[in-house]
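Data first, discussion second: the structure below is written as structure tokens.
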Amino acid sequence: MLVIAQHMHDIEHIRKNPKGFEKAIKSRGVKEFTAKEILEIDHKKRSLTTKLQALNKQRNEVTEEIKRLKMNKSPCEEQVKLSKSITSEIETISLKEQTEKNKLVDILSNLPNISAQNVPIGEDESSNVEIRKYGKKRKFDFTPKFHYELGERLGLMDFEQAAKISGSRFTILKGQLAKLGRALINFMLETHVNEFAYTEVYHPALVKNEAMYNVGQLPKFSDDSYLTTDKLRLIPTSEVVLTNLVADKIIEEKELPIRFTAYSECFRKEAGSAGRDTRGMIRQHQFGKVELVSITTEEQSNDELERMTNAAEEILKKLELPYRIMLLCSGDMGFAAQKTYDIEVWLPEQNKYREISSCSNCGTFQARRMNTKYFLETDRKTKKYVHTLNGSALAIGRTIVAIMENYQNSDGSVTIPNVLQRYMSNDTVISKQ
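Using the numbering used here, read the sequence shown as starting at 0 and increasing by one per residue.
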């Protein structure tokens with residue numbers, strides 16, 4: 000049972016501007032949405048709360064009267080009887096109030112975040128906007144191959160044995176390709192820690208339902224993650240743990256922004272992906288990823304999204320891989336995001352750009368769920384919800400794919416990007432052993 004006190008939409012805002020809220024939620028792809036039911040439940044809940052307050056006040060008065068009568072040794076049977084009947088009424092109304100609260104939380108916790116004002120309105124990826132491109136696409140004087148053809152011919156990528164051991168959408172990497180993955184992890188973490196002042200974190204891969212709820216993975220996406228028999232979930236991304244490092248805290252404004260980075264294995268059921276990317280390493284049930292998470296003030300979060308996107312871009316620049324930045328439209332963003340940049344890397348064999356990173360500003364959406372605020376330096380009586388941001392920088396498997404496909408040679412070997420050679424015993428090429 001998941002006990003939730005917080006949801007991520009401001010009920011005050013919905014009361015004041017129900018039509019605006021309705022329009023915003025519809026633009027996020029929830030077509031049949033209406034604010035009417037929310038307002039009705041909220042009204043019912045508030046009138047029950049008012050009744051409860053009146054009854055509690057009445058009970059306190061009766062209790063005081065009973066004390067007074069007892070001190071004067073006067074009879075107080077009537078008052079005791081009245082107190083019991085008020086208590087019983089309070090219990091009944093409390094249950095009703097809780098029922099309405101639960102209904103409200105249930106509706107609101109299944110609604111996505113509201114888009115930022117500068118996000119294009121649209122239904123799917125066709126409405127995304129290209130912001131910039133970087134790097135030259137390589138011209139091949141031979142026909143380039145897919146990463147899985149290269150990997151299998153090199154004898155360093157084994158899908159067949161992985162399928163025998165684990166089923167579909169798993170990969171086994173050996174030798175220099177396994178080492179390439181390890182090199183990428185070290186290279187990415189060192190870049191984020193040394194150049195972008197992130198704090199490196201090592202953390203559990205199993206989390207409680209509450210941690211998943213706090214970042215917006217539950218209740219809506221419960222079928223996408225792996226649930227263990229003792230009710231822990233395997234993380235779909237480090238974002239879950241890194242964001243929850245500040246759950247239920249009140250932070251000093253001067254401590255913000257807080258920046259965390261971690262490498263972790265990520266686990267996803269990929270429930271809605273039947274038939275997509277069935278060959279190769281693009282879409283896996285288990286994959287490694289280096290993640291960035293920032294906790295900021297309200298004023299800092301827009302600039303922090305640009306900074307975080309630059310940190311992810313820097314990895315691709317150093318690897319000399321061509322990419323483009325896309326601003327996602329309202330219908331293509333993730334559930335918790337209010338603004339997202341996707342970074343898409345060029346894959347020559349597919350002859351198109353494919354997502355390798357997603358950097359999002361979630362505003363107060365996750366902070367409301369996990370009840371995380373900060374004191375204002377100028378006015379310590381005032382507390383505000385923090386803003387949270389997250390970004391992949393980068394997914395290891397997809398980076399291996401991009402390196403193999405962009406750096407392949409006509410003999411089937413793969414040149415190792417300059418920046419990675421020192422992490423790979425100064426090897427310059429991955430070739431058949």
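From the three backbone atoms N, C-alpha and C, an ideal C-beta is built for every residue, glycine too. Bear in mind the structure is a predicted one, so any value in this text is a computation, not a measurement.
Selected residue, minimal CA-CA separation from A204, among E189, L183, M187 and L226: L226
Those runs of the beta strand (DSSP E) which lie wholly inside the region 105-173 and span at least 3 residues: 128-133
For the beta strand (DSSP E) containing D341, name the first residue and the last one. K338 to L346
Per DSSP, what are the beta-bridge partners of C265 in this structure? F286
Start and end residues, alpha helix (DSSP H) containing G19: P17 to S26
Whole-angstrom C-beta distance between H386 and T295, which should lie under 8 Å: 5 Å
From this set, R379, R181 and F364, which residue's C-alpha is nearest V289's C-alpha? R181
Are the beta-carbon atoms belonging to G433 and R152 less than 8 Å from one another? The displayed coordinates of the chain run from 0 to 432. Any statement about residue 433 would go beyond what the structure contains.
Near K383, what residues of its chain come up, given a Cβ to Cβ distance below 7 Å and the 5 sequence neighbours on each side ignored? E297, K372, Y373 and L375
Residues of its chain near A311, where Cβ-Cβ distance is below 8 Å and the 5 sequence neighbours each way are ignored: L291, I342, S356, C358, G390, S391, A392 and L393
Determine the DSSP secondary structure at G274, reduced to helix, strand or coil. coil
Report all residues from its chain with a CB closer than 6 Å to the CB of T414; omit the five preceding and five following residues, and keep chain order. Y406 and V428
Could you give the first and the last residue of the continuous beta strand (DSSP E) run that contains E312? Not the beta strand (DSSP E): E312 falls in the alpha helix (DSSP H), residues S300 to L318.
Simplified DSSP assignment, three categories, for R67: helix
Is DSSP giving T381 helix, strand or coil here? coil
Separation of T228 from N112, as counted between CA atoms: 31 Å
Can you name, in chain order, every residue of its own chain whose Cβ lies under 8 Å from the Cβ of I85, other than the five neighbours on each side? L54, Q57, R58 and V61
Please report the straight-line C-alpha distance between Q285 and R168, rounded to a whole angstrom. 8 Å
Stretch pair the region 259-269 + the region 228-242: three plus CB contacts closer than 8 Å: yes
For P235, I'd like the list of residues in its chain whose CB is within less than 7 Å of its CB, leaving aside the five on either flank, ordered along the chain. Q216, D223, S224, C265, F266 and R267
If you run the structure through DSSP and keep just helix, strand and coil, what is N193? helix
Helix, strand or coil: how does DSSP classify R421 here? coil
Terminal residues of the alpha helix (DSSP H) in which L326 lies: First-last for L326: Y322 to L326, but that is the beta strand (DSSP E), not the alpha helix (DSSP H).
How big is the Cα-Cα spacing for K316 and R397? 15 Å
Burial state of F145, where buried means 16 or more other Cβ atoms lie within 10 Å: buried
Identify whether H8 lies in helix, strand or coil by the three-state DSSP scheme. coil
Are K135 and P321 touching if we call contact CB-CB under 8 Å? yes
Verify whether the separation of the beta carbon atoms of R368 and N208 is less than 8 Å. no
Straight-line Cα distance separating E148 from G154: 10 Å
Short Cβ contact (8 Å threshold) for L231 with V206: yes
Candidates K50, E76 and E305: which alpha carbon is nearest I89's? K50
Run the CB neighbour count on F364, radius 10 Å, all protein chains shown included, and call it buried at 16 or more, exposed below. buried
Taking Cβ to Cβ, would you say M325 is nearer than 8 Å to E129? yes
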